[in-house]
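In my numbering, the protein residues as written are 34 to 442. Here a beta-carbon is modelled for each residue, glycine too, at the ideal position from N, C-alpha and C. Structure, as structure tokens:
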Amino acid sequence: MRALTYHGAHSVKVDNVPDPVIEQADDLILRVTATAICGSDLHLYRGKIPAVEHGDIFGHEFMGIVEEVGSAVTAVQPGDRVVIPFVIACGSCFFCQIDLFAACETTNTGRGAILNKKAIPPGAALFGFSHLYGGIPGGQAEYVRVPKANTGPFKVPGTLADEKVLFLSDILPTAYQAVINTGIGQGSSIAIFGAGPVGLLSAAVAKMLGAERIFMIDHHPYRLAYAQQTYGVIPINFDEDDDPADTIIRQTPGLRGVDGVVDAVGFEAKGSTTETVLATLKLEGSSGKALRQCIAAVRRGGVVSVPGVYAGFIHGFMFGDAFDKGLTFKMGQTHVHRFLPELLEHIERGSLSPEAIITHRMSLEQAAEGYKLFDKKQEDCRKVILTPGRNDIEVPVSGDDGLATVPVV
Ligand SMILES: NC(=O)c1ccc[n+]([C@@H]2O[C@H](COP(=O)([O-])OP(=O)(O)OC[C@H]3O[C@@H](n4cnc5c(N)ncnc54)[C@H](O)[C@@H]3O)[C@@H](O)[C@H]2O)c1
Ligand SMILES: [Zn+2]
Ligand SMILES: [Zn+2]
């Protein structure tokens with residue numbers, strides 16, 4: 034089959050690789066109909082995540098049709114159309130039983146990413162996300178093996194086009210968890226750092242939940258302009274304003290700061306040359322630029338919610354400020370499975386239209402070009418979706434009836 038494989042930093046290509054096969058009785062084989070490139074894939078693409086090997090297949094946002102099931106699979110059958118959560122969870126361990134699916138302690142045969150790990154078992158395996166997370170081949174491919182098939186695959190109605198439901202695999206539940214974690218609601222204020230796909234969908238969720246003021250910080254004018262038009266955010270470009278937190282605070286009553294903040298940037302945050310250099314030299318685990326701004330912008334007693342991926346240590350982490358303000362931090366990989374039924378309802382009802390952020394629809398064969406565009410923010414790229422198969426096939430897109438089609442470009 035054809036699959037997107039890694040060959041060193043900034044080098045990926047679509048190769049012929051062996052077809053996946055059922056390995057465990059509760060595996061299934063999925064024929065992928067749509068897959069997306071995530072900001073998390075960019076960390077891998079740029080060579081920033083350890084334990085990624087040449088030939089590894091990327092991709093953790095995908096959906097498709099069940100092709101074959103192992104003997105113990107009862108939840109789905111061949112022909113079912115499903116979205117696959119990027120987190121692989123067993124459904125029955127200590128953590129799965131309390132809905133902390135990303136903490137599943139039975140699926141990851143890798144080491145996990147904790148530096149000061151002691152004897153703690155790693156969290157859940159993830160598709161296509163390095164050998165730290167289990168080395169499970171990803172879904173930017175024609176076919177993919179899906180472990181724990183009685184727990185993860187989520188059936189979606191045939192009336193909804195692929196691109197309307199594809200983001201249930203990761204970025205929509207990630208944005209939802211991030212905003213829910215801030216505790217904001219009707220009339221609240223929120224600042225969202227990062228106007229990538231996760232930040233944009235966080236703005237969509239905050240708007241849906243009734244947030245009165247949504248500040249959004251980035252330095253790509255086209256992303257900020259889109260967020261302003263679509264979600265009514267107050268945009269702040271950190272290339273033009275070197276202290277967005279100060280600007281935000283000055284627009285809040287009593288100079289208190291916002292009720293909640295979302296860091297949808299993560300460890301590759303731009304804006305501090307020193308930290309970018311230190312992180313490149315591995316003297317610093319992560320750039321703390323966005324996180325410091327989050328801590329500064331939020332009001333006393335507020336929540337800093339961090340979906341952005343962090344690694345290791347940050348020297349410039351203002352823990353004393355967080356203590357003085359009595360802040361709460363919530364973060365981590367998303368417990369995807371937990372949110373899918375309610376998010377599907379929001380999509381069906383039209384209160385969330387995650388597909389609106391898509392700018393590039395390409396064939397899987399063009400995946401390397403898709404990575405380049407998304408990484409370099411070329412052609413005003415917000416989100417790339419890939420369709421396996423020939424270049425001239427048609428992919429469903431959401432028209433008025435949800436089923437219109439356009440040619441793959
Ligand atoms: N927790 C999870 O389960 C989960 C799931 C999906 C993605 N993620 C992570 O979320 C983050 C965002 O993903 P994405 O797909 O939106 O990626 P993206 O790379 O497209 O977006 C990140 C945005 O942050 C902006 N940015 C950089 N430095 C900034 C700063 N100092 N202040 C404000 N904005 C800044 C960039 O310009 C970019 O637009 C990534 O770290 C990704 O790995 C986490
Ligand atoms: Zn992702
Ligand atoms: Zn589990």
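Would you check whether ligand 2 has a heavy atom nearer than 7 Å to the C-beta of His93?
-> Set against 7 Å, the gap from the CB of His93 to the closest heavy atom of ligand 2 is smaller.
Going along the chain, which residues put their C-beta within less than 5 Å of some heavy atom in ligand 2?
-> Selection output, chain order preserved: Cys71, Ser73 and Asp203.
Would you be able to state if there are at least three C-beta pairs under 8 Å between the segment 331-341 and the segment 351-365?
-> These segments touch.
State the start and end residues of the unbroken alpha helix (DSSP H) segment that holds Lys81.
-> Looking at the DSSP string, Lys81 is not in any alpha helix (DSSP H), and its letter there is neither H nor E.
Residue from Ala260, Arg64, Tyr255 and Ala174 whose Cα sits closest to the Cα of Pro111 = Out of Ala260, Arg64, Tyr255 and Ala174, the CA that lies nearest to the CA of Pro111 is found in Arg64.
Per DSSP, Asp296 forms a beta bridge with which residues?
-> DSSP lists Phe226 as partners of Asp296.
Three-state secondary structure (DSSP) at Asp354?
-> DSSP places Asp354 in the helix class (H, G or I) of the three-state scheme.
Where do the N-terminal and C-terminal ends of the alpha helix (DSSP H) with Lys197 fall, by residue?
-> Its alpha helix (DSSP H) spans residues Asp195 to Val198.
Measure the alpha-carbon distance for Ile267 versus Thr280 and round it to whole angstroms.
-> Rounded to the nearest angstrom, the two C-alpha atoms are 11 Å apart.
Under the three-state reduction of DSSP, which class applies to Thr360: helix, strand or coil?
-> The displayed chain sequence assigns Leu, not Thr, to residue 360. Correct three-state label for Leu360: coil.
Would you please state the rounded distance, in angstroms, between the beta carbons of Ser221 and Asp296? I believe it to be under 8 Å.
-> Not a contact, Cβ separation roughly 17 Å.
For chain B, is any of its Cβ atoms less than 8 Å away from the one on Cys129?
-> Included in the structure is just one protein chain, with no chain B present.
Would you check if the distance between the CB atom of Leu199 and the CB atom of Val116 is smaller than 8 Å?
-> At the C-beta level, Leu199 and Val116 come within 8 Å of one another.
Report the rounded CA-to-CA distance for His368 versus Phe119, giving the unit in angstroms.
-> Pairing His368 with Phe119, the inter-Cα distance amounts to about 9 Å.
By how many angstroms is the C-alpha of Arg256 removed from the C-alpha of Val102?
-> Approximately 41 Å between the Cα atoms of the pair.
Should Asp2 be labelled buried (16 or more other beta-carbon atoms within 10 Å of its own) or exposed?
-> Any answer about residue 2 is impossible in this case: the structure gives the chain only from 34 up to 442.
Leaving out the 5 sequence neighbours to the left and right, which residues in its chain are closer than 6 Å to Ser338 when beta-carbon positions are compared?
-> Result list for Ser338: Ala211, Asn214, Thr215, Val295 and Lys363, in chain order.
Gln57: buried (16+ other C-beta within 10 angstroms of its C-beta) or exposed?
-> Looking at its Cβ environment, which holds fewer than 16 other Cβ atoms inside 10 Å, Gln57 is exposed.
8 Å Cβ shell around Thr142 - same chain, five flanking residues per side excluded | Non-local C-beta neighbours of Thr142 in its own chain, meaning closer than 8 Å and more than five positions away in sequence, comprise Ala158, Gly167 and Gly168, ordered along the chain.
Rounded separation between Gly383 and Gly161 - CA only = Whole-angstrom Cα-Cα distance: 31 Å.
Find the nearest neighbour of Thr298 within the set Arg283, Gln326 and Glu273, judged by alpha-carbon distance.
-> Thr is not the amino acid found at residue 298; the sequence shown has Val there. Nearest to Val298 by alpha-carbon distance, out of Arg283, Gln326 and Glu273, is Gln326.
Within 8 Å, strictly: CB atoms of Leu165 and Ala136 | Cβ distance not < 8 Å, so Leu165 and Ala136 don't count as in contact.
If you measure from the CB of Phe372, is any heavy atom of ligand 1 nearer than 7 Å?
-> Taking non-hydrogen atoms of ligand 1 into account, the C-beta of Phe372 is found less than 7 Å away from none of them.
Can you give the Cα-Cα distance for Ile121 and Leu397, rounded to whole angstroms?
-> CA-CA distance, Ile121 to Leu397, rounds to 23 Å.
Going straight from the alpha carbon of Val342 to that of Gln262, what length do you get?
-> Cα-Cα distance, rounded: 27 Å.
Cβ shell of Asp48 (< 6 Å), same chain only, five flanking positions each side left out | Closer than 6 Å at Cβ, skipping near neighbours: Thr38.
Check whether the Cβ of Gly299 lies closer than 7 Å to any heavy atom of ligand 1, and answer yes or no.
-> For ligand 1, a non-hydrogen atom lies closer than 7 Å to the CB of Gly299.
With distances taken from CA atoms, which of Ala278, Pro374, Phe352 and Ala108 is nearest Pro180?
-> Considering only alpha carbons, the answer is Ala108.
Have a look at His76 and Lys303 and give me their C-alpha separation to the nearest angstrom.
-> Rounded to the nearest angstrom, the two C-alpha atoms are 14 Å apart.
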